[in-house]
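For reference, the structure is listed below as structure tokens.
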Amino acid sequence: MVDLFQQAADSGFDQAEVYRVSSESQPIGFESNRLKEASRRDTSGAALRVIKDGRIGLSATTDPASEAGLVERVGEIAPFGAAAAFEMPGPADYPAVDIFDPAVEALEFDTMVQTGQSLIDAIRKDWPELNCSASVSRGLHTTSLRNTAGLEADFRQTSYSVGFGGELVRGEDMLFVWEGYASSRLFTDTGWMVESVLRQLEWARNTAEAPSGQVPVIFTPRGVSAALLGPLVSGFNGKSVMTGSSPMGERLGEKVVDERISVFDDATIAGAIGSRPYDDEGIPSRRFPLIDRGVASNFLYDLQTAGRMKAASTGAAGRGLTSLPGPGTSVVDIAPGDTPYDDLFLGIKEGIVVERLLGAGQGNQMGGDFKANVLLGYKIENGKIVGRIKDTMISGNVYDALSKLEAVSDTAEWVYGTVRAPAIRCLGVEVAAAG
Amino acid sequence: MTQRDQMKDALKGHGADYVEIRLEESDSTRIQYLARELEEIGRNSGRGGSVRAAFNGGWGFVSFNDTDDLKSRVRLAVEQAKAVGGDKTELAETDPSVADVPAVLVNDPNAVSLSDKKDRMDHYNDLIWSTPGIQSSSVIYGDNRRRVHFVNSEGASVDQEFVHVICYVSAVARDGGDVQQASFSIGSLGDYGLIDGLDDEIRAVGQRAVDLLSAPGIEGGERTVILDPVLAGVFAHEAFGHLSEADHVYENEQLKEIMVLGRKFGQPHLNIVDGAAIPNLRGSMAYDDEGTPTNRTDLIRDGVLVGRLHSRETAAKMGEKPSGNARAINYNHPPIVRMTNTVIEPGDASLEDLLEGVDDGVYVRNWYGGMTSMEMFTFSSGEAYRIRKGRIEEMVRPVMLSGNVFKTLNQIDGIGNDLGMNQGGGCGKAGQSPLPVSNGSPHIRIQNCLVSGA
């Protein structure tokens, strides 16, 4: 078979790049407290991106037999494509990023089954009426990149994830509790997940009447990720900045939220699922702030967006097989503050805790707005959690809420393995509850 | 040997209770604009397959892009199923279907040249920008042809082809730190014509984004709301559709008690159906992804729960009939219970009747999205207007609405005599998104609906 890259390189394009992915994953699923399904999913494919007469074309396939046709097809498409504002990068020095663990590759099926079943059993010991599900998955992913500027690089990444939870149906009341974590490394300590689910069940044991209006809100790390991160990050996306639709566009260097807030993009954190030695266009990874002590510091750029903005790529390019790269976050790391977690509750006469949301991300995120139903949240009375709130919605604007900041916890926790965040207490969030 | 013979041959001596093989080929085109510029134009092709096996109640599933050695894929799927099993495989009986179903093609997008498609989208983008005050825009066009070959160990052999077309546009307007957006989406089964004449809708998107900058917000709380057919369709999908999917219920004793057939959920005027056999909609098809002929299933009749959506396994375990609702988004995923076309049937009220007597309410149109956790659900409007003394008045910022399935369906106190289908959406469940579905409804009125602040 003719090598796709060589064929493209010999075809007279201004520049050409072949991006290949292949991945093998083995998820197992538990339903209704027992093992239900074992899977093996293999995917692979190739994408050819070219610049021809200054215009960009892309064509991809998952069918090895169709690869030979990609060069001709991309040549037909490129004349319609966008004007290229960049040159493909040559080889560079990439940081060593720890994202491969041979123990994940060697993990036995039976061990995965035991892990899932033991989590379910541990919860059902105290809560036998809980209908539990779980998933345990391991994967091996290979990415390779080759371009006509001389770049020829590839890396392998392992992934291991464990998630479990359950539903508790009491009359017409349904409660869903869940915990999960993903890493490129094997982890065996899952006791904290059991504790987390038990805590959710305990805090939700009673139902409380939600307050309405603007009350203090504590977002747990998971709540921060669900409610605040999407609208916040969208303002720092280079494409929103380029089109003038980001409220951050002209505010680089200005204070945009409370100085206790620092947000980093960091693809070099060992073990994190979004970590990588270089981005999907071959730009080396590094840690950089989006917000540094309240000040807007950097936007997320891929090559094309950066080129059009006369800026440099920040190594933020991500891509699916069948689409052009675009800027996005890799691993988001929000710095912890100085308030011990338990002290976040101090002095709150009436407020709420937000842990999980339903419908976050619908609506006008671009302006920083968030709105959602509180899927799992609790009422605080006189500094203590008194029960779960239901049929309650929150709405607000992330820049406003993070400016009316009251406290940031002194510990940050991983949410799924792609976001690390502290708990945040703020004002400026409107709570609406059904009567 | 033909591909079908290879598939049948791979099933010989499989050693499990049940095995199915699916192979797919697909071709797609995508054109995407960001602001004034064409951002991306691409053509992609795909090929892949999967094997699913059941043994003693456990499932094994294997998916792959290299479709050469099907026998070894079958062997691996059966091994996986055997490693899981520990109970009994139960699948509702169906007559093994043998069929070759061509794509529904009203106006084949594959017969339209790439440059014609691009010209059309150029024109739409220009229309958005014809409104003064636009800051940015997004126009996305996509079409996809997918051919699916299915065989199972019971002798079923079904080939089906689907052609889908989608178009999504959004406009952004900005005044300092205030950024507002408006959007519109539409999809169709095999009909490029449906996305060819949208000038009025698209011009309105641009105007709405600009108008939103001066629209006031409203306070959150419980209000009387009137939903247009598009948003009411999303409501039907989120509020009740997902809860009627039997895979949530079939192994959960407490949920089975709550979701018992005959239970009253709404007033006698409420009727909800789902079915892929309703023709020419985004969720229409002749056979589901287990080879079961599709159907039209009454979910709520006269306010009472009368049916639910099934795969062969959930139907067998609940002693009900398979409804033809097992769907996989592609070969990379196993079929699970999904909706197809979900519809609230029309009643007899005009929009004027619904508005009458509403002193202070909200008229909500169009949609951003929706989500459910079974009991509680949310759905978001693309547009919202104040209702005062029975009249639709000024536009306000779009709101999110939230409900509780045990209360909200019963609070529907008016059902319109019109019917509109929302063909612009896709559904997500268990990592499979976006699955082509449609939903529709007449205008409906809901009392005491929880509305977010905006």
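Those protein sequence lines, which keep their order, are chains A and B.
Counted the way our numbering counts, the first sequence spans residues 1 to 435.
Counted the way our numbering counts, the second sequence spans residues 1001 to 1454.
For each residue, glycine too, the CB sits at the ideal point set by N, CA and C.
So the candidates are 327/A, 272/A and 328/A; which of them puts its Cα closest to the Cα of residue 98/A? 272/A
Which chain B residues sit within Cβ distance under 9 angstroms of residue 64/A? 1047, 1065 and 1066
Contact defined as beta carbons within less than 8 angstroms: I believe residue 35/A pairs with residue 1058/B. What is the distance between those atoms, to the nearest angstrom? 7 angstroms
My output table needs one value for residue 1443/B: the three-state DSSP class, helix, strand or coil. coil
With contact counted as at least three CB pairs below 8 angstroms, one residue from each stretch, are the region 1034-1054 of chain B and the region 1344-1361 of chain B in contact? no
Between the alpha carbons of residue 395/A and residue 183/A, how many angstroms are there, rounded? 32 angstroms
Where residue 115/A and residue 136/A are concerned, what is the direct C-alpha to C-alpha distance, given to the nearest angstrom? 8 angstroms
Can you confirm whether residue 80/A, when its beta carbon is compared against all beta carbons of chain B, has any partner nearer than 7 angstroms? yes
For the region 243-266 of chain A, list every residue whose C-beta sits within 7 angstroms of some C-beta in chain B, in sequence order. 243, 244, 245 and 247
Candidates 1206/B, 1034/B and 1056/B, of which the one nearest residue 1171/B by Cα: 1206/B
Going along the chain, which residues of the region 35-48 of chain A sit with their C-beta nearer than 9 angstroms to a C-beta in chain B? 35, 36, 37, 38, 39, 40, 41, 42, 43, 44, 45 and 47
Going along the chain, which unbroken runs of the beta strand (DSSP E) with 3 or more residues stay wholly within the region 1067-1127 of chain B? 1098-1101
Work out the CA separation of residue 156/A and residue 279/A for me, nearest whole Å. 13 angstroms
By the three-class DSSP mapping on this structure, what secondary structure does residue 1318/B have? helix
Contact between the region 1197-1217 of chain B and the region 1171-1180 of chain B is defined here as three or more beta-carbon pairs at a separation below 8 angstroms; is this criterion met? yes
The beta strand (DSSP E) enclosing residue 174/A, as first and last residue numbers: 173-183
Interface flag, residue 169/A vs chain B, CB-CB below 7 angstroms: yes
In this structure, how does DSSP classify residue 1192/B when only helix, strand and coil are distinguished? helix
Let me make sure I understand the geometry here. Which of 1270/B, 1268/B and 1287/B has the alpha-carbon closest to that of residue 1276/B? 1287/B
Figure out for me which residue from 1251/B, 1015/B and 1247/B has the closest Cα to the Cα of residue 1325/B. 1247/B
Quick one, are the C-beta atoms of residue 1445/B and residue 1413/B less than 7 angstroms apart? yes
Would DSSP call residue 1423/B helix, strand or coil? coil
Burial state of residue 192/A, where buried means 16 or more other Cβ atoms lie within 10 Å: exposed
According to the neighbour-count rule (16 or more other Cβ atoms, all chains shown, within 10 Å of its Cβ), is residue 1127/B buried or exposed? buried
Closer than 7 angstroms by beta-carbon distance: list the chain C residues that pair up with residue 8/A, in chain order. No chain C appears in the structure shown, which is made up of the protein chains A and B.
At a CB-CB cut-off below 8 angstroms, which residues of chain A make contact with residue 1398/B? 363 and 364
With respect to the alpha helix (DSSP H) encompassing residue 240/A, which residues constitute its N-terminal and C-terminal limits? 238-242
Quick one: measure Cβ to Cβ for residue 1192/B and residue 1280/B, integer angstroms, because I've assumed they're closer than 8 angstroms. Actually they are not in contact, since the Cβ atoms of residue 1192/B and residue 1280/B sit about 14 angstroms apart, beyond 8 angstroms.
Residue-level contact to chain B via CB, residue 77/A, 7 angstroms cutoff: yes
Using a Cβ-Cβ cut-off of 7 angstroms, state whether residue 1425/B counts as contacting chain A. no
Name the residues in the region 1363-1391 of chain B whose C-beta lies less than 8 angstroms from a C-beta of chain A; which are they? 1368, 1369, 1370, 1371, 1372, 1373, 1374, 1375, 1376, 1377, 1378, 1379 and 1380
Please state whether DSSP places residue 193/A in a helix, a strand or coil. helix
Give the single residue among 1322/B, 1298/B and 1372/B whose Cα lies nearest to the Cα of residue 1345/B. 1298/B
Examine the Cβ distances between the region 1012-1026 of chain B and the region 356-372 of chain A and report whether three or more of them are shorter than 8 angstroms. no
Bridge partners for residue 1139/B per DSSP, in chain order? 1033/B and 1169/B
Could you tell me the boundaries of the alpha helix (DSSP H) in which residue 1211/B lies? 1199-1212
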